[in-house]
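Structure, as C-alpha cells:
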Amino acid sequence: MEFRFVHFYPDLMSLYGSYANLCVLRRLLEQLGHTVTLTPLAPGERASLAEADLLFMGAGTERSQKAAMDSLAPLAGEIRSAASDGMPVFFAGTAMELLGAAITDSSGATFDGIGLAGFTSVQGTRRFVEDVYGTTDLYPEAVVGFMNKCSVIRGVQTPLLTSLAMGFGNEGPRGSEGFHQANVFASELTGPLLVKNPRMLETVASVILSRRGAEIPAPFPRDPWAQEAYAVTEHQLQLRCKA
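Numbering of the sequence shown is given in the numbering used here, commencing with residue 14 and proceeding in unit increments.
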C-alpha cells in the first residue's frame, strides 16, 4: 500500500531534529512492506490535503512559528475538515500551538490559530528547558522527552500526556501536556518524540494503517537500539523522579 505524508514547511519549522519523526514513521511502514511518499510544502504552496495519510509540522522558533501561521491560515478550513474526517495529524514542538484558537506573544500581540481546538497559548520571557517524564492513556509505558518552550497553554480538554512526574506541562509544572483528539496528536516534547518513544511511534503508525484498512501487526517490528535507548532514558528519569 502507498501512503503519502504532507510535511508543512520543513525549512522553516525544523528545530530539534523534528523531521526524524517522519523518518521513523516512514521506516516503520516500509518495514511492513508499504511505500511512503513525502510531500514537503514550502510557505505559500498548496497541495491536496484530502489525499494525504498524515499531516505533519515540526518545531520552530517563536518567530518562525508566526511565519508558519501566516502561510497555514488559508489552509485552516481544509485541515480542520481533514481532521474531522479522521486524517492523522501530528504537530511537534511549537507547531502544536498553531492548532489552537490563538497565540499571544511576549509583546502582547495576538495571532489567530487554525481553530482545530479551543485552547490558547501565551508566550512569556521565561523559557522552560527541561526533561519530561509522563504518562498517557494510550498505553501503559511512560513517555519521555525534552522541552524548550516559553508558552503556557490553557484550555486543552484532551491532553496527550495525562500527567507528568517531571517537567512543565501545558499550564504548569507536573500537569498534563500536549493535545490529543481522535487522530490528532500534538506535543511540545522534542527528542524527537517518536524516536524517543517506540510505543508512541507504534500508536501513530496504527492510526495511519487503520484509516486505510491496512493490517496492524502484533507486535510491530522493533528497532533494538531504539528500545534500549528508551529503556535507559526511562530508567534514569524515573530515578530522578524518585530522588
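Quick reminder that beta carbons are idealized off the backbone N, C-alpha and C, glycines included.
Checking 9 angstroms against the spacing of the C-beta atoms, do residue i and residue j come in under that value?
i       : j       : result
Met-160 : Leu-111 : no
His-193 : Leu-173 : yes
Thr-175 : Gly-147 : yes
Tyr-68  : Val-37  : Looking at the sequence provided, one finds Leu at residue 68 rather than Tyr. Their beta carbons are not under 9 angstroms apart, which means Leu-68 does not touch Val-37 by this criterion.
Leu-35  : Phe-233 : no
Leu-45  : Leu-222 : yes
Would you decide whether residue i is buried or exposed? Buried here means 16 or more other CB atoms lie within 10 Å of its CB.
i       : result
Ile-229 : exposed
Met-65  : A quick correction: the sequence has Ala, not Met, at residue 65. Answer is buried; the Cβ neighbour count reaches 16.
Thr-48  : exposed
Val-169 : buried
Gln-240 : exposed
Gln-269 : As displayed, the chain neither begins before 14 nor continues past 256, which places residue 269 out of reach and without an answer.
Leu-252 : exposed
Val-142 : exposed
Ser-119 : exposed
Thr-50  : exposed
Val-220 : buried
Ala-257 : Nothing can be reported for residue 257: it is not among the residues displayed for the chain, which extend from 14 to 256.
Gly-182 : buried
Gly-121 : exposed
Gly-131 : exposed
Look at the alpha carbon of residue i and the alpha carbon of residue j, and state the distance between them as a whole number of angstroms.
i       : j       : result
Leu-177 : Leu-28  : 23 angstroms
Cys-254 : Gly-158 : 14 angstroms
Tyr-8   : Arg-212 : Here the chain covers residues 14 to 256 and nothing more, so residue 8 does not appear.
Ala-155 : Asn-210 : 9 angstroms
Met-14  : Ala-227 : 8 angstroms
Arg-224 : Ala-81  : 28 angstroms
Pro-186 : Met-179 : 8 angstroms
Gly-57  : Ser-84  : 6 angstroms
Ala-218 : Glu-43  : 11 angstroms
Gly-191 : Cys-163 : 14 angstroms
Ser-189 : Thr-133 : 15 angstroms
Glu-75  : Ala-231 : 40 angstroms
Phe-16  : Ala-60  : 15 angstroms
Thr-216 : Asp-236 : 15 angstroms
Thr-117 : Lys-79  : 10 angstroms
Asp-150 : Thr-52  : 31 angstroms
Asp-24  : Glu-247 : 31 angstroms
Ala-242 : Met-26  : 26 angstroms
Glu-184 : Ile-92  : 26 angstroms
Gly-204 : Arg-39  : 17 angstroms
Ser-31  : Trp-238 : 19 angstroms
Tell me, to the nearest whole angstrom, how far the beta carbon of residue i is from that of residue j; I am working on the premise that it is less than 8 angstroms.
i       : j       : result
Leu-202 : Val-165 : About 16 angstroms; that fails the 8 angstroms criterion.
Ala-108 : Gly-73  : 7 angstroms
Tyr-22  : Leu-54  : 7 angstroms
Arg-33  : Val-208 : The identity of residue 33 in the sequence shown is Ala, whereas the question assumes Arg. The pair is a contact, with the Cβ atoms about 5 angstroms apart (cut-off 8 angstroms).
**Message:** Between the stretch 84–100 and the stretch 185–203, can you find at least three pairs of beta-carbon atoms closer than 8 angstroms?
**Reply:** yes
**Request:** Report yes or no: do the stretch 138–153 and the stretch 99–109 share at least 3 C-beta pairs separated by less than 8 angstroms?
**Result:** no
**Item:** Any 3 or more C-beta pairs closer than 8 angstroms across the stretch 117–129 and the stretch 81–94
**Value:** yes
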